[in-house]
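Student: Below you'll find the structure I mean.
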Amino acid sequence: MSNNKTDQTHIDISRSVVQAFAKLSPLVQLRTPVVFVVYLGTIVVTCLYIYRLNGGEIPNEPSWFTLTVAICLWITVLFSNFAESLAEDRGKAQAESLKALRKEVNAKRIKNIDSRDKFETVSASSLRKDDLVLIEAGDPIPSDGQVVYGIASVDESAITGESAPVIRESGSDSDAVTGGTRVLSDWIIVRITANSGESFIDRMVSLVEGAKRQKTPSEVSIAVFLAALTAAFLITIVTIMPFSMFSVEQNGSGKVVSITVLIALLICLSPTTIGGLLSTIGISGMNRLLKANVIASSGRAVEAAGDITRILLDKTGTITHGNRQAEEFFTAPGVSIEEMAKAVQLSSLADQTPEGRSILTLAQNRYNIPEKSSAPEGSEFIEFSAETRLSGIKIGSRLILKGAADSIEKQLKQSDAAIPDSLRRKIDDIARFGGTPLVVIDSGKALGVVYLKDIIKSGIKERLADLRKMGIKSIMITGDNPLTAAAIAAEAGVDDYLAQATPEHKLKLIRKMQAEGELVAMVGDGTNDAPALAQSDVAVVMNSGTQAAKEAGNMIDLDSDPTKIIEIVEIGKQLLMTRGSLTTFSLANEFAKYCTLLPATFVSTYPALNALNIMNLTSPLSAVLSAVIFNALAIIAFIPLALRGVTYRPVGAEALLRNNLLIYGLGGLIIPFIGIKFIDMLLTMIGAV
6 MSNNKTDQTH IDISRSVVQA FAKLSPLVQL RTPVVFVVYL GTIVVTCLYI YRLNGGEIPN
66 EPSWFTLTVA ICLWITVLFS NFAESLAEDR GKAQAESLKA LRKEVNAKRI KNIDSRDKFE
126 TVSASSLRKD DLVLIEAGDP IPSDGQVVYG IASVDESAIT GESAPVIRES GSDSDAVTGG
186 TRVLSDWIIV RITANSGESF IDRMVSLVEG AKRQKTPSEV SIAVFLAALT AAFLITIVTI
246 MPFSMFSVEQ NGSGKVVSIT VLIALLICLS PTTIGGLLST IGISGMNRLL KANVIASSGR
306 AVEAAGDITR ILLDKTGTIT HGNRQAEEFF TAPGVSIEEM AKAVQLSSLA DQTPEGRSIL
366 TLAQNRYNIP EKSSAPEGSE FIEFSAETRL SGIKIGSRLI LKGAADSIEK QLKQSDAAIP
426 DSLRRKIDDI ARFGGTPLVV IDSGKALGVV YLKDIIKSGI KERLADLRKM GIKSIMITGD
486 NPLTAAAIAA EAGVDDYLAQ ATPEHKLKLI RKMQAEGELV AMVGDGTNDA PALAQSDVAV
546 VMNSGTQAAK EAGNMIDLDS DPTKIIEIVE IGKQLLMTRG SLTTFSLANE FAKYCTLLPA
606 TFVSTYPALN ALNIMNLTSP LSAVLSAVIF NALAIIAFIP LALRGVTYRP VGAEALLRNN
666 LLIYGLGGLI IPFIGIKFID MLLTMIGAV
């Protein structure tokens, strides 16, 4: 394993070195104004040296100095390119592994759900949106789709890296399947939701390739600021040459500042450290997110994750497992548990939902009701509908129904019956403790209530507590009644909740918080979450979620783990901290080099300025050369930090600013003096100056 990792690192570095030279194209360099100025200055100094090789003369400047400065400037440009290439290649290496999932496979296309045995074998690339395909045990899933019939165990390790198979079934929140995964058992019929070239794998490949990454607003604003700063230095440097010539002519003494020294001064004073590493920081942030098995559609989303103040979490499938489970049966007065269990078993025989199957399992395992393979002859199933909120079975004149309490009460009123007070109290108790009560009736008589329990996902409470420490408030969104919502909110540890929420309510809440200046993240997985996800600043969608939710989000969690939001926030904050820290160091670094270089630049014109040589550098040329070498080495030294990111710790903004100024601000002032003096001593020791 270690050998493979070493080989991969070697491949990354080798490819990045090649790409560093390939990025020397002027069009590529122009994308980073600060580095482009260094690039132009390097070309000018190189041309000056070539001019000298061809017999030309440049006063006040030895040829070895021109050559050395040219080499150091090329190193500055190349290592800036190398840092960006290394970050991009890490994403491209991941993209290559994803491309392997797109190998050509065959699919069993069918005309409709009932024609399972009549399929035609076609190439996966010929499938189009809304095609139906049959996928049996051992078959690869040819493209993204939605399970419309059946249930199967699916191996998604190629996508998520997790070896444990997942269940994908129709009619649940876990009905989305991804091309490139494989069915392990049973069979399913899938409706294709993406045309060729538009699958989830295709989108991931394009997203993780760093070369296609768009700059974020924050990155653009910093780049504009750095470009303006560089332009100001450029204007200043341009005026120095005629001023120096005028001074020498008027005083009749001194030497004119050389072009090479002026270019070196410009490049050393420009914020080259952050300018050369700015894009590297952004690309590495997205790559770190990818390592956490989260795909971000843009760097903007990663940045926003670092600034969010509110997180909305959909209850079903996010805070709780998508499927409720039958926990217990409670009977009405005068009704035996066996009578109720048999009745509820009959009413659930045709119920293919996870809740319906859990009722059958509970009746068999806890209450010893023999399993029934089929319904009684002549019976008629009553399917659940959103309008009636009832389901059940009709056997002759016997009608067994189960459903929500208010729906059952309306049904009982037709036969002048009602839910007993003792059973009504049990219904209220179940709702108060966060459960869902299903009332069961048989021919107008209330038999009892089924307690369906929402299962809270493990670790969610601890992770929400961590978010609270960061100053981020969590809000649970659910369609449940207020009593149920309050109980689940307390168990999960959220700060607030919105009950009986419709898609419109979610959207209104997000817009209200955004209008108040909050940056909002939404975590969801259902189609009804899509409008809210689209409105949120950061929209994290579970990979197990519906296609509509995935299309509305700007991040997809391949592990479908809502607790991962804490990692997403940390990576976002780490990206912003890294950019801020290196910007602080770079600006402080320029000030220190200014104090070192300004006397050295003008000492040839005004020899008296040598009194400002407080570091006792060997000579003006040595000072300039040492600063240029240090400038190149600073980029090299900070490449690992730009790739890894500054370590994130959950501290307040005041403490964060103080630490940043002490470490990177003060360090940016002190380190250049030490580094330039050390390089000067080394150059003197080897006799280079």
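The numbers in our numbering rise by one with no breaks, and the one at position 41 of the sequence shown is 46. In this text, a Cβ means the ideal position worked out from N, Cα and C, and glycines have one as well.
(1) Taking I465 and I324 to be in contact with their CB atoms under 8 Å, please state how far apart those CB atoms are, rounded to whole angstroms.
(2) What number of angstroms, rounded off, separates the C-alpha of M4 from the C-alpha of A348?
(3) Of the choices N117, T601, E224, whose alpha-carbon is the least far from that of N618?
(4) Does T81 pass the burial test, meaning 16 or more other C-beta atoms within 10 Å, or should it be called exposed?
(5) Is the distance from the Cβ of E414 to the Cβ of I424 below 8 Å?
(6) Just to confirm, is the Cβ distance from L688 to A647 under 8 Å?
(7) Does DSSP put Y56 in a helix, in a strand, or in coil?
(8) Would you grab the beta carbon distance between V446 and L417 for me? Rounded to a whole angstrom, and I think it's under 8 Å.
(9) Taking 8 Å as the cut-off, does the region 555 to 572 touch the region 490 to 506 (at least 3 CB pairs, one atom from each stretch)?
(10) Under the assumption that I640 contacts A88 (Cβ atoms under 8 Å), give the Cβ distance between them as a whole number of angstroms.
(11) Could you have a look at A497 and say whether DSSP puts it in helix, strand or coil?
(12) Name the DSSP bridge partner or partners of G453?
(13) How far does the alpha helix (DSSP H) with Q552 in it reach, from first residue to last?
(14) Just curious, the alpha helix (DSSP H) that F238 is in, first and last residue?
(15) Write down every uninterrupted run of the alpha helix (DSSP H) in the region 340 to 382 whose length is 4 residues or greater and which is fully enclosed by it, in chain order.
(16) Could you pull out every unbroken alpha helix (DSSP H) segment of at least 4 residues lying fully inside the region 564 to 622, listed in chain order?
(17) Taking the C-alpha atoms as reference points, what is the distance between E467 and G680?
(18) When you measure from the CB of S85 to every non-hydrogen atom of the ligand SAM, does any distance come out below 7 Å?
(19) My understanding is that G259 touches P612, with C-beta atoms under 8 Å, so please give their C-beta distance in whole angstroms.
(20) From E344 to I387, what does the alpha carbon distance come to, in whole angstroms?
(21) How close, in whole Å, do the beta carbons of K598 and L274 come, if the pair is a contact with beta carbons under 8 Å?
(22) Between which residues of its own chain and I515 is the CB-CB distance below 8 Å, once the five residues before and five after are set aside?
(23) Do you know offhand how far V629's Cα is from L270's?
(24) Tell me, to the nearest whole angstrom, how far the beta carbon of T551 is from that of T532; I am working on the premise that it is less than 8 Å.
(25) List the DSSP bridge partners of S541.
(26) Buried or exposed for F84, going by 16 or more other Cβ atoms inside 10 Å?
(27) DSSP has N695 in a bridge; who is on the other side?
(28) Okay, do the region 302 to 318 and the region 120 to 136 touch, 3+ Cβ pairs below 8 Å being the bar?
(29) Give the DSSP-derived three-state secondary structure of L139 in the structure shown.
(30) Is A129 near W192, with beta carbons less than 8 Å apart?
(31) Nearest to I398 by CA position, among F389, E385, R663, is which residue?
(32) Whose C-alpha, out of L666, L137, G692, is nearest the C-alpha of T695?
(33) Exposed or buried, which one is R705 when buried takes at least 16 other CB atoms within 10 Å?
(34) Between P625, T186, A157, E161, which lies nearest to I172 when the distance is taken from Cα to Cα?
(35) Would you say V39 and P276 are within 8 Å of each other, going by their C-beta atoms?
(36) Three-state secondary structure (DSSP) at I156?
Tutor: Per the coordinate set shown:
(1) Within the sequence shown, numbered from 1, the residue matching residue 465 stands at position 460. Within the sequence shown, numbered from 1, the residue matching residue 324 stands at position 319. Indeed, because the Cβ distance is near 6 Å, the residues count as touching under 8 Å.
(2) Past the edges of the chain, shown from 6 to 694, lies residue 4, and the structure says nothing about it.
(3) Along the sequence shown, read from residue 1 onward, the residue named residue 618 stands at position 613. Proximity to N618 across N117, T601, E224 peaks at T601, based on C-alpha coordinates.
(4) By 1-based counting over the sequence shown, the position of residue 81 is 76. That one is buried.
(5) Start at 1 with the first residue of the sequence shown, and residue 414 comes out as number 409. Start at 1 with the first residue of the sequence shown, and residue 424 comes out as number 419. Their beta carbons are under 8 Å apart, which means E414 touches I424 by this criterion.
(6) Here residue 688 refers to the residue found at position 683 when the sequence shown is read from its first residue. Here residue 647 refers to the residue found at position 642 when the sequence shown is read from its first residue. Going by C-beta atoms, L688 is not nearer than 8 Å to A647.
(7) Locating residue 56 in the sequence shown gives position 51, counting from the first residue. In this structure, Y56 counts as helix in the three-state DSSP scheme.
(8) Here residue 446 refers to the residue found at position 441 when the sequence shown is read from its first residue. Here residue 417 refers to the residue found at position 412 when the sequence shown is read from its first residue. The residue asked about is misnamed: residue 446 is Ile in this sequence, not Val. That belief holds up - the Cβ atoms of I446 and L417 are roughly 6 Å apart, short of 8 Å.
(9) The count of Cβ pairs closer than 8 Å, one atom from the region 490 to 506 and one from the region 555 to 572, stays below three, leaving the stretches out of contact.
(10) Mapped onto the sequence shown, residue 640 falls at position 635. Mapped onto the sequence shown, residue 88 falls at position 83. Correct: roughly 7 Å between the Cβ atoms.
(11) For the purposes of this step, residue 497 is taken as residue 492 along the sequence shown, with counting starting at 1. A497 falls in the helix class under three-state DSSP.
(12) For this step, residue 453 is matched to residue 448 along the sequence shown. The partner list for G453 (beta bridge, DSSP) reads T336, V445.
(13) On the sequence shown, position 547 is the one that residue 552 refers to. For Q552, the enclosing alpha helix (DSSP H) has its first and last residue at 552 to 557.
(14) Sequence index remark: in the sequence shown, residue 238 carries index 233 (1-based). Segment 222 to 256, the alpha helix (DSSP H) holding F238.
(15) The alpha helix (DSSP H) runs lying completely inside the region 340 to 382 and spanning 4 residues or more are 342 to 352, 359 to 370, given in chain order.
(16) For the region 564 to 622, whole alpha helix (DSSP H) runs of length 4 or above, ordered along the chain, are 570 to 607.
(17) In the sequence shown, the residue the question calls residue 467 occupies position 462. In the sequence shown, the residue the question calls residue 680 occupies position 675. Going from the Cα of E467 to the Cα of G680 covers about 46 Å.
(18) What this structure holds is no ligand at all, so the ligand SAM is not there to describe.
(19) The residue labelled residue 259 in the question sits at position 254 within the sequence shown. The residue labelled residue 612 in the question sits at position 607 within the sequence shown. Their Cβ separation, rounded to whole angstroms, is 7 Å, which keeps G259 and P612 in contact under 8 Å.
(20) Here residue 344 refers to the residue found at position 339 of the sequence shown. Here residue 387 refers to the residue found at position 382 of the sequence shown. Those two C-alpha atoms are separated by around 20 Å.
(21) On the sequence shown, residue 598 is found 593 positions in, with the first residue counted as 1. On the sequence shown, residue 274 is found 269 positions in, with the first residue counted as 1. Contact check for K598 and L274: beta-carbon distance about 6 Å, within the 8 Å limit, so the pair qualifies.
(22) On the sequence shown, residue 515 is found 510 positions in, with the first residue counted as 1. Exclusion of the five residues before and after I515 leaves L317, V525, M527, A537, Q540, S541 as the residues of its chain whose Cβ lies within less than 8 Å of its Cβ.
(23) For the purposes of this step, residue 629 is taken as the residue at position 624 of the sequence shown. For the purposes of this step, residue 270 is taken as the residue at position 265 of the sequence shown. Computed Cα separation, rounded: 7 Å.
(24) The residue given as residue 551 occupies position 546 in the sequence shown. The residue given as residue 532 occupies position 527 in the sequence shown. Indeed, because the Cβ distance is near 5 Å, the residues count as touching under 8 Å.
(25) For the purposes of this step, residue 541 is taken as residue 536 along the sequence shown, with counting starting at 1. Bridge partners of S541: none, in fact.
(26) As a working note, residue 84 is residue 79 in the sequence shown. Per the 10 Å Cβ criterion, buried.
(27) Only positions 6 to 694 of the chain appear in this structure, which leaves residue 695 out of reach.
(28) Taking 8 Å as the limit for Cβ pairs, the verdict is that the region 120 to 136 does not touch the region 302 to 318.
(29) Stepping through the sequence shown from its first residue, residue 139 is reached at position 134. Residue state, collapsed to three classes: strand.
(30) The residue labelled residue 129 in the question sits at position 124 within the sequence shown. The residue labelled residue 192 in the question sits at position 187 within the sequence shown. In this structure, W192 does not lie closer than 8 Å to A129 by Cβ.
(31) Mapped onto the sequence shown, residue 398 falls at position 393. Distances from the CA of I398 to each of F389, E385, R663 were compared; the closest alpha carbon is that of E385.
(32) The shown model of the chain, from 6 to 694, leaves out residue 695, and the question about it has no answer.
(33) Look at the range of the chain in this structure, 6 to 694, and you will see that residue 705 is not part of it.
(34) As a first step, residue 172 is located in the sequence shown; it is residue number 167 there, counting from the start. It is A157 whose Cα lies nearest to the Cα of I172.
(35) In the sequence shown, counting from the first residue as 1, residue 39 sits at position 34. In the sequence shown, counting from the first residue as 1, residue 276 sits at position 271. A contact, by the Cβ cut-off of 8 Å.
(36) Working through the sequence shown from its first residue, we reach residue 156 at position 151. The DSSP-derived three-state label of I156 is strand.
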